[in-house]
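Chains as they are written, first to last, in my numbering: chain Y, 1 to 113; chain Z, 1001 to 1113.
By construction, the Cβ of each residue, glycine as well, lies at the ideal position given by its N, Cα and C atoms.
Right, one structure below, let's go through it.
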Amino acid sequence: SQKIEQNSEALNIQEGKTATLTCNYTNYSPAYLQWYRQDPGRGPVFLLLIRENEKEKRKERLKVTFDTTLKQSLFHITASQPADSATYLCALEGGAGSYQLTFGKGTKLSVIP
Amino acid sequence: NAGVTQTPKFQVLKTGQSMTLQCAQDMNHNSMYWYRQDPGMGLRLIYYSASEGTTDKGEVPNGYNVSRLNKREFSLRLESAAPSQTSVYFCASTQGDPWDGYTFGSGTRLTVV
Chain Y
1 SQKIEQNSEA
11 LNIQEGKTAT
21 LTCNYTNYSP
31 AYLQWYRQDP
41 GRGPVFLLLI
51 RENEKEKRKE
61 RLKVTFDTTL
71 KQSLFHITAS
81 QPADSATYLC
91 ALEGGAGSYQ
101 LTFGKGTKLS
111 VIP
Chain Z
1001 NAGVTQTPKF
1011 QVLKTGQSMT
1021 LQCAQDMNHN
1031 SMYWYRQDPG
1041 MGLRLIYYSA
1051 SEGTTDKGEV
1061 PNGYNVSRLN
1071 KREFSLRLES
1081 AAPSQTSVYF
1091 CASTQGDPWD
1101 GYTFGSGTRL
1111 TVV
């Protein structure tokens, strides 16, 4: 069965640095991958989607890469700010047009002033 | 726009009691989903409805039933609550285009004692 791993449960970085979060998957070849942000007590919020034929996608200070050979996506936040502190989830589509998403367990990012 | 509205926000049940979690979206989305989120387990799909009139099981359907009442509403029912169903429940919706992200509600925190 497909397996998604976000390599760190928690990541602490200093304000202004670039945060890099990793999402690895096995036994699967998704057509696309999504990233979400979740704040405590709130539902996840969609950030970015990257397709299998796209190597990189950018949105403001966010950058996502997708390496289908390594079966890995990297999520970067440049010039990080304390307001970026949250849990970030990666999610893979379920395949065969199912429109289901399977989520990783998330990485809790803390940006220290 | 309200987006996805879940009710109630909090609920305490006794073992064996039943209840229905309500979810409504005002974005004219085709697909709706119920997830549960537990510490260390991430988001797990309970049931989903790809379109009005259809429902399908997800990863953890046991102990739950769903009803897609109309295009806007998708309810989740616990017939006989068990302590293992203590969790935070999220409803989500999407247009159904694979390139769309999900919109999540703010969640229902359920405790079964």
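C-beta neighbour in chain Z for residue i, strict 8 Å
| i | result |
| --- | --- |
| Arg42/Y | yes |
| Leu49/Y | yes |
| Gln2/Y | no |
| Trp46/Y | Contrary to the premise, residue 46/Y reads as Phe rather than Trp in this sequence. Answer yes: the Cβ-Cβ gap between Phe46/Y and chain Z drops below 8 Å somewhere. |
Listed by chain order, chain Z residues near residue i by CB distance under 7 Å
| i | result |
| --- | --- |
| Leu101/Y | Tyr1102 |
| Gln34/Y | Gly1101 |
Own chain partners of residue i with C-beta closer than 8 Å, once the 5 adjacent residues on each side are dropped
| i | result |
| --- | --- |
| Leu1013/Z | Met1019, Leu1078, Ala1081, Leu1110, Thr1111, Val1112, Val1113 |
Residue i: contacting residues in chain Y (beta-carbon distance under 7 Å)
| i | result |
| --- | --- |
| Gly1042/Z | Phe103, Gly104, Lys105, Gly106 |
| Ser1106/Z | Arg42, Gly43 |
Own chain partners of residue i with C-beta closer than 7 Å, once the 5 adjacent residues on each side are dropped
| i | result |
| --- | --- |
| Arg61/Y | Ile77, Thr78, Ala79 |
| Lys17/Y | Ser80 |
| Tyr25/Y | Gln2, Lys3, Ile4, Lys71, Leu92 |
Listed by chain order, chain Z residues near residue i by CB distance under 9 Å
| i | result |
| --- | --- |
| Gln81/Y | What Gln81/Y touches in chain Z: nothing, since even the nearest Cβ is about 22 Å away. |
Cβ-heavy atom distance, residue i to the ligand HEM, below 7 Å
| i | result |
| --- | --- |
| Trp1099/Z | With respect to the ligand HEM, the structure shown offers nothing to examine, as it has no ligands at all. |
CB of residue i within 8 Å of CB of residue j, strictly
| i | j | result |
| --- | --- | --- |
| Ser1031/Z | Thr1103/Z | no |
| Gln1091/Z | Gln1006/Z | In the sequence under discussion, the amino acid at residue 1091/Z is Cys, which differs from the Gln named in the question. Yes, the Cβ-Cβ distance between Cys1091/Z and Gln1006/Z is below 8 Å. |
| Arg1044/Z | Val1060/Z | yes |
| Phe46/Y | Tyr32/Y | no |
Close beta carbons around residue i, own chain, < 6 Å, minus the five adjacent residues each side
| i | result |
| --- | --- |
| Pro30/Y | Leu92, Glu93 |
| Ala1126/Z | The shown model of chain Z, from 1001 to 1113, leaves out residue 1126/Z, and the question about it has no answer. |
| Pro1083/Z | Val1112 |
Below-8 Å beta-carbon distance, residue i vs any chain Y residue
| i | result |
| --- | --- |
| Tyr1089/Z | no |
| Leu1045/Z | yes |
| Gly1058/Z | yes |
Contiguous beta strand (DSSP E) assignments of at least 3 residues, all confined to the stretch 1013-1046 of chain Z: Runs of the beta strand (DSSP E) lying entirely within the stretch 1013-1046 of chain Z and spanning at least 3 residues, in chain order: 1019-1025, 1031-1038.
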